[in-house]
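Chemist:
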Amino acid sequence: MARTYYAEGRQIAYWSIIFLFTDLKQIWWMFFVIIISSILLAEIFGSRWTKKRRADKKAYYQIERINGSGDHDFIIL
Numbered sequence: 114m115a116r117t118y119y120a121e122g123r124q125i126a127y128w129s130i131i132f133l134f135t136d137l138k139q140i141w142w143m144f145f146v147i148i149i150s151s152i153l154l155a156e157i158f159g160s161r162w163t164k165k166r167r168a169d170k171k172a173y174y175q176i177e178r179i180n181g182s183g184d185h186d187f188i189i190l
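To convert, take the position in the sequence shown, counting from 1, and add 113; that gives this note's numbering.
1) Helix, strand or coil for Thr-135 per DSSP?
2) Given a cut-off of 8 angstroms on the beta-carbon distance, is the pair Ile-125 and Ile-149 in contact?
3) Helix, strand or coil for Ile-157, going by three-state DSSP, please let me know.
4) Hey, how far is the Cα of Ile-152 from the Cα of Ile-140?
5) May I have the straight-line CA-CA distance separating Thr-159 from Asp-169, to the nearest angstrom?
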């Protein structure tokens, strides 16, 4: 798994070059397209879900801090 988006882009480029210069051009391209697109969609949805969850959690703790009466009882989700 790549650590940065740059490394991930290089890996995708390398695999696409390998794919283009081999004889996998008949029906296998659809298999690779489906796998790569599903991985990219999973990355996008996962990052959006994580970002939303962190923002909601941060907002919840800020509201608790503002409305709190001194004792900070937090509900851990």
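For each residue, glycine too, the CB sits at the ideal point set by N, CA and C. All of these numbers come straight from a predicted model, not from anything done at the bench.
Modeler: If we stick to the structure as given:
1) In the structure shown, Thr-135 sits in coil (DSSP, three-state: anything other than H, G, I, E or B).
2) Yes, the Cβ-Cβ distance between Ile-125 and Ile-149 is below 8 angstroms.
3) DSSP, read as helix, strand or coil, puts Ile-157 in helix.
4) Approximately 20 angstroms between the Cα atoms of the pair.
5) A quick correction: the sequence has Gly, not Thr, at residue 159. Using only the alpha carbons, I get a separation of about 15 angstroms.
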